[in-house]
Every structure is written in structure tokens, then in C-alpha cells.
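Asker: Quick one: the structure is below, and I'll ask about it shortly.
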Amino acid sequence: MSGRGGPTAAASLLQSSAKAFREQHPDALCWAAVLHLCLDRAKEYSAYGKDPRVPQLMKAIEVEIFTQYHGVALGSGLTDDDLAASRESLVARYGENAQAAGHELILAWRSSSESGTEDWSVGPWQELLTRFRVTPEMFLAQKAWPSVPEERPQPIDWRAQLDALVGLGAVKEQVNELRDLLYLQRLRMRRRLPGVEPLELSMHQIFRGNPGTGKTTVARILGAIYTEYGLLKSGHVVSVQRSDLVGAVIGKTEELTKGWIKKAQDGVLFIDEAYSLTGGGAQDFGPRAIDTLLTEMEERRNCLVVIVAGYPAKMEEFLNSNPGLASRFNDELHFEDYSDDELLEIFRRLIARHGIAAPSSALENRVAAWLAARRAGAGERFGNARDVRNLVGVLFRRQARRLAKAHPDEQPPEADWDSFSPDDVPPPPGAIAGLGSERGKGREGR
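The C-terminal residue of the sequence shown carries number 837 in our numbering, and the numbering is unbroken.
Right, dumping it as C-alpha cells:
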């Protein structure tokens with residue numbers, strides 16, 4: 392199907408896509424699936440089809456659908472009666488003389504629906520449109536979408552951030568060493584001696600460390616350093632994982648990987664759990680992301696820094712998975728697990744940031760015991776600073792419940808709001824349900 396067609400074509404598309412979907416998938420048909428099909432058609436037939444936001448929207452919808460299919464019962468989905476009513480609504484809204492193609496009308500129509508109507512996908516879809524700065528009218532414009540200016544974060548005080556990190560002595564020393572190298576190189580080049588060429592520096596990095604040891608924070612600091620000394624124009628950090636880079640069909644992985652690399656240009660592409668791109672078997676597309684990455688790293692060596700991160704042992708497997716991979720990275724930073732004393736210091740700083748008074752020795756002893764039990768039980772899955780952050784969240788919940796029970800019919804005294812009790816610390820890990828659901832939400836010290 393190509394070109395224009397108006398409401399009649401849109402109605403026909405709804406009917407045919409529903410039939411095809413039901414024949415091929417046992418899951419319930421939802422509007423998110425219809426929108427995904429329409430975006431796929433827009434890539435070929437619409438003037439805005441080459442815009443990078445189209446595949447980004449498709450990928451985001453795939454994630455939403457996957458989450459719903461594996462998280463809740465979807466029921467019967469869109470019925471024939473629902474589709475019939477939708478066809479009538481399309482024709483009534485746009486009239487028989489509408490010039491847009493069927494898929495464009497459907498995209499515009501669903502994008503302007505009232506949130507919460509008909510099925511679960513309306514709200515998430517409109518949130519995606521806001522995130523990518525796409526309006527319903529843009530689907531009907533029959534021309535390329537206007538470009539969106541890149542939003543660059545304000546420069547950070549990387550020196551203060553580096554100094555403020557708890558522990559990480561070896562990492563701090565390496566970062567300062569790198570900064571000193573860049574500073575001296577800049578001084579050398581300012582002399583402009585005849586015949587002297589600048590040292591060609593490759594700033595790609597390997598970060599080895601367990602979760603919650605500060606890898607993402609240090610990546611941002613490095614981006615700021617590279618910007619200050621002229622290696623990068625912006626130094627912004629784009630964080631991705633396997634799900635962002637690897638597609639489900641041939642050609643999709645290369646497209647996704649190049650799209651994220653483009654977003655990271657002039658900054659840092661931070662690939663967390665990079666080893667997940669390997670070891671997926673003969674039908675896995677992860678290695679294609681690595682091949683694309685290697686090519687782009689070479690072609691954009693003057694405007695892109697790539698940092699790959701993950702568990703120490705698994706990172707070795709990753710680097711050995713491709714003959715040209717290890718040679719692209721000139722430096723490694725090893726992020727050690729935090730000591731017990733360092734974890735307590737992180738705890739003190741976190742609660743102070745949220746207005747909680749300095750902990751008593753009894754509270755600190757309870758927290759230290761909880762973290763020790765967590766470390767012993769989790770092994771390499773121990774989240775370091777991330778687990779401290781999650782524990783603080785649990786303390787706030789338990790504090791709120793304690794105060795509500797103590798003052799069931801009145802507002803708790805304000806003096807009690809800003810302190811934790813030792814009893815707010817939950818039982819040792821294994822006896823509490825709920826902390827696991829908090830894992831991964833915190834970004835402190837990732």
C-alpha cells in the first residue's frame with residue numbers, strides 16, 4: 392500500500408492489520424501494536440520517514456508492549472466492535488476528502504486521543520511523543536519534521552564531584568593523571584614549535600566493577616574533562632544497554648546502534664553491561680552491534696568517546712569476543728567494591744541530603760549489620776552504593792509507617808520527621824520483601 396488514501400484507506404488498514412496480527416500472534420491486539428505498524432509503514436511512505444525519531448519511537452513502543460505482555464493480563468484486547476467504532480470515528484473526524492495516507496491518519500488520530508481511553512497504550516504513547524517532541528499534527532504535515540535542537544547539559548564542576556566521591560582512591564588517581572596529560576598536551580601545542588604534531592589520543596575506556604561503584608558518575612566526570620581540554624565539544628553522556636542497541640530483525644541492530652552513536656557524537660557513549668552483546672548464540676544480533684560500534688569508533692575517533700562497563704570477569708569475555716575490540720581501548724579503570732566504612736559514609740551523606748539528622752551509633756550499627764548481611768547473601772550481585780540508596784528508601788517507608796501508628800489521629804510532631812530510629816532498619820536481607828523491587832531505580836554511584 393502506498394501514497395494517499397484518506398479515511399477509507401485508514402479504516403481498511405485497521406481491519407487488515409488486525410486480521411494479520413491475530414493470525415500471527417496469540418497475544419491480544421492493542422493500539423500500541425497498530426501504532427508500531429503505522430510507524431513502520433511511515434518509514435517507507437512518509438516524508439518524515441527518515442527522521443531518527445521514527446525508529447526511536449518504534450523501539451520505545453516495543454519496550455512498552457513487552458512490559459505489558461509480561462507484566463499484566465491484557466484481556467481480549469481490541470474487539471471487532473472496537474475496530475468498527477474506530478473506523479467510523481476516523482471517517483467522521485477527517486471526512487472523505489482527507490489527503491493523508493491511512494497510516495498517517497491513524498497515527499495523528501491516536502496521538503490526539505484522550506489519555507486513559509480504550510486501552511492502556513494511550514498514556515504511554517503520548518508520553519513518548521512528548522519525550523521525542525512529536526505532535527499529532529506532524530504526522531499529517533506531508534513533509535520532513537523540523538529538527539530539534541540538541542539539549543546539552545550545563546557544564547559540571549567535575550573537580551568538586553570527583554573530590555566528593557567516597558573512596559575510589561585508585562580511580563581518582565587515574566582520572567587526575569589523565570587530566571594532567573591533557574593539560575600538558577595543551578601547553579605543548581600552544582608553543583607551536585615547527586614540525587611538532589599533537590599526540591593523537593584515544594580516550595575510549597574500559598570500566599571494570601560491580602554495580603553501584605561509581606562508574607556512571609565517573610563517566611560524566613570524564614566527559615566534562617574531555618570538554619574542558621578540547622577533545623569533545625559537549626561531553627554529554629548517553630547511557631545505553633543491550634536492549635537499546637540490539638534489534639529483533641536483520642538490519643535493525645545496525646540502525647539502532649548508529650542512531651545512539653549519533654546521539655552521543657561530541658560526547659560519551661556509555662555502554663553498561665557491555666558483555667551482554669556477546670554470547671547469545673548463532674541467531675543473536677549482539678555481535679552486529681559490536682561490529683557497527685568498531686567501525687563508528689574509528690570513523691568518529693575525533694568526536695566520540697566510548698566507555699564499556701560491567702562486571703570485571705565478564706568484561707574479559709567481552710573484550711575477547713572480537714579480535715579488534717581490545718585494541719580500541721587504551722585505558723582501564725578498576726572500581727573496587729566499597730568497604731564497610733565507606734558504605735556507612737555513603738549512608739550518612741545520603742540521609743543528610745534528604746534532611747535527616749546524623750545517625751546515632753545504634754542506628755549505624757543496625758545499618759552496618761544489614762549491609763554486611765546483604766553483601767554476604769548477594770555475592771557479586773551486591774549493589775554497593777545502590778543498595779545503600781535502596782535501603783534509605785526503605786527506611787523512609789518504615790519511618791512513615793512507625794509515625795502513622797504512633798499518631799493515628801493526628802499529624803506526627805515535626806521534630807520526629809527528620810530522624811530515623813534503629814527500629815526503622817528492616818530485618819536482615821531474606822526476611823524482607825520489597826527491597827529487591829527498589830534495585831536499579833537509584834542512580835547513586837552506579
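Glycine is no exception: its CB is placed at the ideal position from the N, C-alpha and C atoms.
#1: Looking at A748 and S812, is the spacing between their C-beta atoms short of 9 Å?
#2: Rank F709, S502, G600, E645 by C-alpha distance to the C-alpha of T521 and give the top, closest one.
#3: Here's the rule I'm using: 16 or more other beta-carbon atoms within 10 Å means buried, otherwise exposed. How should A401 be labelled?
#4: Using alpha carbons as the reference points, say which of K796, A797, V525, R789 lies closest to D839.
#5: What does the Cβ neighbour count give for G507, buried or exposed, with the cut at 16 atoms within 10 Å?
#6: The beta strand (DSSP E) with H427 in it runs from where to where?
#7: To the nearest angstrom, how far is it from the Cα of L659 to the Cα of E736?
#8: Determine the DSSP secondary structure at F412, reduced to helix, strand or coil.
#9: So if DSSP puts L660 in a beta bridge, which residue, or which two residues, is it bridged to?
#10: Measuring straight from C-alpha to C-alpha, what distance separates S477 and E453?
#11: Quick check: the Cα distance between E645 and P750, rounded to an integer number of angstroms?
#12: Is the beta carbon of F523 closer than 9 Å to that of Q447?
#13: Evaluate the contact criterion for the segment 640-654 versus the segment 436-446: three or more CB pairs, one atom per stretch, below 8 Å.
#14: Which whole-angstrom value is the C-beta distance of D341 and S630, which I expect to be below 8 Å?
#15: First and last residue of the alpha helix (DSSP H) that includes Q552?
#16: Secondary structure at L465, three-state DSSP: helix, strand or coil?
#17: Is it a yes or a no for the segment 611-630 touching the segment 565-583, going by three-plus beta-carbon pairs under 8 Å?
#18: Between the alpha carbons of G701 and K606, how many angstroms are there, rounded?
#19: For E723, which three-state DSSP category applies?
#20: Using the beta-carbon count (16 or more within 10 Å), is Q490 buried or exposed?
#21: Nearest CA to the CA of D918: which residue from Y436, R413, M594, V513?
#22: Taking C-beta to C-beta, are L794 and L762 nearer than 9 Å?
#23: Using 9 Å as the threshold, is the C-beta distance between I612 and F720 below it?
Answerer: By the coordinates alone:
#1: Within the sequence shown, the letter at position 421 stands for residue 812. Within the sequence shown, the letter at position 357 stands for residue 748. Contact flag unset, no.
#2: As a working mapping, residue 521 is identified with position 130 in the sequence shown. With distances taken between Cα atoms, T521 lies closest to S502.
#3: By one-based count along the sequence shown, residue 401 stands at place 10. So A401 counts as buried.
#4: Lying outside 392 to 837, the shown extent of the chain, residue 839 is not represented and no answer is given.
#5: Residue mapping note: residue 507 aligns to position 116 of the sequence shown, counting from 1. Any reading at G507 must be qualified, since the residue scores a pLDDT of 43, below 50, and its modelled position is unreliable; no value is offered.
#6: As a first step, residue 427 must be located in the sequence shown, where it is residue number 36. Per DSSP, H427 belongs to no beta strand (DSSP E); it is in the alpha helix (DSSP H), 422-436.
#7: Numbered from 1 along the sequence shown, position 268 holds the residue referred to as residue 659. Numbered from 1 along the sequence shown, position 345 holds the residue referred to as residue 736. Inspection of the sequence shows that residue 659 is occupied by Val rather than by Leu. Rounded to the nearest angstrom, the two C-alpha atoms are 29 Å apart.
#8: Within the sequence shown, residue 412 is the residue found at index 21, counting from 1. Three-state DSSP puts F412 in a helix.
#9: Position 269 of the sequence shown, counted from the first residue, corresponds to residue 660. DSSP, once it has assigned bridges, lists V629, V697 as partnering L660.
#10: As a working mapping, residue 477 is identified with position 86 in the sequence shown. As a working mapping, residue 453 is identified with position 62 in the sequence shown. When rounded, the distance between both Cα atoms is 23 Å.
#11: Along the sequence shown, read from residue 1 onward, the residue named residue 645 stands at position 254. Along the sequence shown, read from residue 1 onward, the residue named residue 750 stands at position 359. Their Cα atoms are separated by approximately 51 Å.
#12: By 1-based counting over the sequence shown, the position of residue 447 is 56. By 1-based counting over the sequence shown, the position of residue 523 is 132. Yes; because the gap between Cβ atoms is below 9 Å, this pair is in contact.
#13: Counting Cβ pairs under 8 Å, three or more are found: they touch.
#14: In this structure the chain extends from 392 to 837, so residue 341 is not present and cannot be described.
#15: Here the question's residue 552 lines up with position 161 in the sequence shown. Its alpha helix (DSSP H) spans residues 549-555.
#16: The sequence position of residue 465 within the sequence shown is 74, counting from 1. Below a pLDDT of 50, predicted positions are generally treated as unreliable, and L465, at 45, falls in that range; the measurement from the model is reported next regardless. The answer is coil: DSSP assigns L465 none of H, G, I, E or B.
#17: yes
#18: Working through the sequence shown from its first residue, we reach residue 701 at position 310. Working through the sequence shown from its first residue, we reach residue 606 at position 215. Taking the straight line joining both Cα atoms gives about 9 Å.
#19: Here residue 723 corresponds to residue number 332 of the sequence shown, with the count starting at 1. If DSSP states are grouped into helix, strand and coil, E723 belongs with the strands.
#20: Working through the sequence shown from its first residue, we reach residue 490 at position 99. Counting Cβ neighbours within 10 Å, Q490 comes out exposed, since fewer than 16 surround it.
#21: Outside the displayed span of the chain (392 to 837) sits residue 918, for which this structure offers no information.
#22: Reading the sequence shown from its first residue, position 403 is the one you call residue 794. Reading the sequence shown from its first residue, position 371 is the one you call residue 762. For L794 and L762, no; Cβs fall outside 9 Å.
#23: Mapped onto the sequence shown, residue 612 falls at position 221. Mapped onto the sequence shown, residue 720 falls at position 329. It is not a contact, given that the beta carbons lie outside the stated cut-off.
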